[in-house]
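Working notes, structure below.
There are 2 protein chains.
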Amino acid sequence: MKSKHVSIRDVAKHAGVSIATVSRVFNKTSFVSEELIEKVLTSAKELGYHPNRVAQSLRKGQTKTIGFLIPDIVNPFFSSMVKGAEDFLKSLGYIILLCSSSGDREKENELLVTLYSRKIDGLIAITLEENNPLIDSAISQKVPTILIDNVVNRPFVSCVASDNYGGVKKLMNYLIETGHSSFAFLSGDPIIYSAKERLKAFKDTVKGKDDFEFEILFGEYTYESGIEMVRKLSRIPDAVVCGNDMIAFGAMVELERQGFRIPQDVSVTGFDDILFSRMSQPPLTTVRQDAYLMGRAGAELLINAINEEIKNEVVLLETTLEIRGSTRERK
Amino acid sequence: MKSKHVSIRDVAKHAGVSIATVSRVFNKTSFVSEELIEKVLTSAKELGYHPNRVAQSLRKGQTKTIGFLIPDIVNPFFSSMVKGAEDFLKSLGYIILLCSSSGDREKENELLVTLYSRKIDGLIAITLEENNPLIDSAISQKVPTILIDNVVNRPFVSCVASDNYGGVKKLMNYLIETGHSSFAFLSGDPIIYSAKERLKAFKDTVKGKDDFEFEILFGEYTYESGIEMVRKLSRIPDAVVCGNDMIAFGAMVELERQGFRIPQDVSVTGFDDILFSRMSQPPLTTVRQDAYLMGRAGAELLINAINEEIKNEVVLLETTLEIRGSTRERK
DNA sequence: CTGTTAGCGCATTCAA
DNA sequence: TTGAATGCGCTAACAG
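Read top to bottom, the protein sequences are chains A and B. For the first sequence, UniProt numbering begins at 1 and goes up steadily by one. For the second sequence, UniProt numbering begins at 1 and goes up steadily by one.
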C-alpha cells in the first residue's frame, strides 16, 4: 500500500540526494555520477515514481499535447486521419486531446477555448466549412494549427488535403475514354472545400463542350442524400458521378430499385474509397484518397510548425483512380 | 499584438484587485462584490484571459481528463464508444486523452504509463483479451477504471458490455423457429470476451440435442477471416452463424462465389449491426448492440467511480434481434 | 467581502 | 558534479 502520490521529493529523500539531482537523472540534462544515477533509479523504481507531466507542463510551458478537432469520430474517413496523426505524434511523445464538434459551430468555439486553456502545443482541425471562425481563433492564440481536408491561406495555419480536383479530372478522363458522354454529378454541400473542388473539376471537364450532356444536383455526403438525388434526376445519364462513396452507395441502391443495371445501363462512381467500396455489389469505381496519410502529413506539418516556425504551407496529396465493376468499359 | 501568456496576475493588476479575487470570480467560490466582478471580467476580456487548466490541475490534483485506450480508432464499433463517452464527459467538463494500442500489449503498457503520468482522473479501456495486464496496472495506480466490452471482477474496475450471450440465444431461437436445423458457427478469437460469450450461447443451444447438426470454426473478427472459414466448411448448413458482421460479409461473398443463394440455399447472420449491415445485398440479419450507449454507460460508471467511490460494478446492455433478408423465414 | 501567502511537482538558475 | 532556492499559474487557507 503506497501513499497517494510519490513526488520527486520522495525519491530525493529516499535516495539521499537533492530533488535537482533526481530531475537531472530523469531529464539527462547534465552529468550526474554513475553512483547517484544508480541510487536515484533504484529509489524511483522502489517507490514507483514517474515524473508528473502536469507539473512538467506548467514549468516548461509546453504540454506535449495536440488538440484534435473533428466533426465525427465515427466516420472512418475522419478517424483514419486521427490514427495517422496519432501514430506519428506518439513516437515523439505527444498525445492527442480529442474533441468532436459534431459539426456544431458554437460547440466548436467552446471546445477551442477548452483546448487553448489546456495549453495545447498545437491544433489539428478538420472543419466542414471552408471558412471557419476557428481559423481566426487559432491565429489570435498563436497556436500552430493544421487544417486537414481544407485549404486556406492564412498566417499560422498550414493545410493538408487530397488533390480533389486532379482526382475527379482523372476519373472523368477515364469515363470519357470508355465512351461515356452524358453525366450527372451528385455533389456534396459546396460549402465544404473538397466538394467544391470536385465540383469544379467536373464542371471544367464538361462545360462548354458540345459532345457532353450533364446535370448537377446538390446534396450531402450521405447515403440518404444519394438516394434522394437520384430520384430528382431528370434523366438517367451514361454515368452518375458522385461526390463521395456514401452518395454512390445510395445512388446505386436507388438506381437498381428503379430497374437499372449497373454498369450495363448506367455507370456509377464515388470518391474516397472507403473500406466498403470494394465490398459492394458491384464493387465501386472510385478515386482513392488516403486519409491515414493525410492525418500523418498533417501531424508532420504541425511538428515542423512547432519546432521550426514554418507556419504557412500547403500539402496536396495524390489520389489514385480505382477502376472496379460499377463502370462499364465500353458503350 | 499581445504578450505570450496572460496570467491571473496580469488580470489582477489590470483590474486593480488581488489574484485571489480574480480566482474567486472565475470559480464562484465565495462572494465577490458586483463591482469587482465587473472589473475583473472586463479586464479579463480585454486581455483575453482564460484560466490555465494546467496550473489548475497541478494545484487541485485533478485534471478533468479521462484516458481512453482503444485497439483501433478506425473501427466504427470502437469509435462509437468513444463518441458515446465523449458526449457525456464533455458535458461535465472532462476531456478525452486518446490512445490507440493497435492491440499491441507492449505498447499498451507504455501508453498506460504515459496516461498515468499525465494524471488522468479515470481510464476507459477497450481491451481485446479478456485478461489483460493493464487491469492490474489500473488497480495498483488506484485510478478508477472502466472496461468496455469485457467483464472481470476486480477492485477499482467496473465493466460495461452487451449481453452477448442473450443476443446469440435470441438469434438461435429465431433460426430454430424458422426451421433451420444445421448450423455452422464462425467464431472470432475466443481470447476476446465477446467471442467467448457468443460461442458459449451457440454451444449451449445446439449441444447434446439430436435435432441439430453443427460445426464450429475459429478465426478473427474480419472480412477475410469470414471468407477463409467458409472455405473450410465441411458442408454447407442451413444457417451460417457468424461471430460478427464483418465475418458475415466475408461469408456471404464467399458463399455466393461458390454458387449458393442467400437466403434460399443458406441463411447468414451476424452480430453488431454496423452501418453497412442494412446496406449489404441481401441486408444482414444480425444482433444489434449499441456501441454508442456502451461508451456512454461506461462514462457514467466512471464518473460515479470518481465521485462516489463505487468501484466495482458490471452493467450488461440489452441487444436487439434485427431480422433482415439474409435469413429465410421458412424452410 | 478582500488581500496575503503557501505550496501543488517540477526544471533551472546560481552557488558551492 | 551537486544542492538550495526560485517561480511556472493557480487555489485555498488564513487574516483582516
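Beta carbons are placed, not taken as given, at the ideal position from N, Cα and C, and that holds for glycine.
Using a 10 Å radius around the Cβ and a threshold of 16 neighbouring Cβ atoms, would you call residue i buried or exposed?
{"i": "E34(A)", "result": "exposed"}
{"i": "N131(A)", "result": "exposed"}
{"i": "G103(B)", "result": "exposed"}
{"i": "R9(A)", "result": "exposed"}
{"i": "D204(B)", "result": "exposed"}
{"i": "P133(B)", "result": "exposed"}
{"i": "M1(A)", "result": "Low local confidence applies: a pLDDT of 34 at M1(A) is under 50, so the model's placement there is unreliable, with the coordinate-based value given in what follows. By the neighbour-count rule (16 or more Cβ atoms within 10 Å), M1(A) is not buried but exposed."}
{"i": "R261(B)", "result": "exposed"}
{"i": "F276(A)", "result": "buried"}
{"i": "Y49(A)", "result": "buried"}
{"i": "S140(B)", "result": "exposed"}
{"i": "A20(B)", "result": "exposed"}
{"i": "E224(B)", "result": "exposed"}
{"i": "E197(B)", "result": "buried"}
{"i": "E220(A)", "result": "buried"}
{"i": "S80(A)", "result": "buried"}
{"i": "I191(B)", "result": "exposed"}
{"i": "I310(A)", "result": "exposed"}
{"i": "K39(B)", "result": "buried"}
{"i": "L92(B)", "result": "exposed"}
{"i": "E106(A)", "result": "exposed"}
{"i": "Q258(A)", "result": "exposed"}
{"i": "D245(B)", "result": "buried"}
{"i": "D211(B)", "result": "exposed"}
{"i": "F31(B)", "result": "exposed"}
{"i": "R328(B)", "result": "buried"}
{"i": "T285(A)", "result": "buried"}
{"i": "S194(A)", "result": "buried"}
{"i": "G16(B)", "result": "exposed"}
{"i": "N312(A)", "result": "exposed"}
{"i": "Q289(A)", "result": "buried"}
{"i": "E46(B)", "result": "exposed"}
Between which two residues does the beta strand (DSSP E) containing residue i stretch?
{"i": "L175(A)", "result": "From DSSP, L175(A) is part of no beta strand (DSSP E) but of the alpha helix (DSSP H) over N164 to E177."}
{"i": "I70(B)", "result": "T65 to I70"}
{"i": "residue 341(B)", "result": "No information on residue 341(B) is available, as it lies outside the stretch 1 to 331 that chain B covers here."}
{"i": "E322(A)", "result": "T320 to E322"}
{"i": "S7(A)", "result": "Careful: S7(A) lies outside any beta strand (DSSP E) and carries neither H nor E."}
{"i": "S187(A)", "result": "S182 to S187"}
Write down the C-beta distance between residue i and residue j rounded to the nearest angstrom, noting that I regard them as a contact closer than 8 Å.
{"i": "I73(B)", "j": "K83(A)", "result": "5 Å"}
{"i": "E300(A)", "j": "D163(A)", "result": "Wrong, their Cβ atoms sit about 18 Å apart, outside the cutoff."}
{"i": "V157(A)", "j": "T145(A)", "result": "5 Å"}
{"i": "V240(B)", "j": "V268(B)", "result": "5 Å"}
{"i": "V6(B)", "j": "V54(A)", "result": "That pair is no contact at about 20 Å."}
{"i": "I70(B)", "j": "I126(B)", "result": "5 Å"}
{"i": "G166(A)", "j": "F271(A)", "result": "That belief does not hold up - the Cβ atoms of G166(A) and F271(A) are roughly 12 Å apart, past 8 Å."}
{"i": "V287(B)", "j": "L321(B)", "result": "6 Å"}
{"i": "F77(A)", "j": "I274(A)", "result": "6 Å"}
{"i": "S117(A)", "j": "N52(B)", "result": "7 Å"}
{"i": "L97(A)", "j": "L97(B)", "result": "6 Å"}
From which residue to which residue does the alpha helix (DSSP H) around residue i run?
{"i": "residue 334(A)", "result": "Any question about residue 334(A) goes unanswered here, given that chain A covers just 1 to 331."}
{"i": "S80(A)", "result": "P76 to K90"}
{"i": "S43(B)", "result": "E34 to L47"}
{"i": "S57(B)", "result": "R53 to K60"}
Can residue i be considered in contact with the ligand FMN, in the sense that its beta carbon sits closer than 6 Å to one or more heavy atoms?
{"i": "N307(B)", "result": "The model depicted lacks the ligand FMN and carries no ligand whatsoever."}
Determine, using beta-carbon pairs with one atom in the segment 179-186 of chain B and one in the segment 81-99 of chain A, whether at least three such pairs fall under 8 Å.
-> no
Go through the segment 94-163 of chain A residue by residue and report every complete run of the alpha helix (DSSP H) that reaches 4 residues or more, in order.
-> 105-117 and 133-141
Given 8 Å as the limit, is there contact between the segment 244-259 of chain B and the segment 288-304 of chain B, that is, 3 or more CB pairs closer than that?
-> no
Can you check the segment 233-303 of chain B for any beta strand (DSSP E) of at least 3 residues that lies completely inside it and give the ranges in chain order?
-> 239-242, 267-269 and 286-288
Count the CB pairs spanning the segment 144-156 of chain A and the segment 167-174 of chain A that are closer than 8 Å, and state whether there are at least three.
-> no
Residue ranges of each beta strand (DSSP E) run of no fewer than 3 residues wholly in the segment 193-227 of chain B, ordered along the chain?
-> 213-218
Please confirm if the segment 119-129 of chain A is in contact with the segment 107-125 of chain B, defined as three or more CB-CB distances below 8 Å between the two stretches.
-> no
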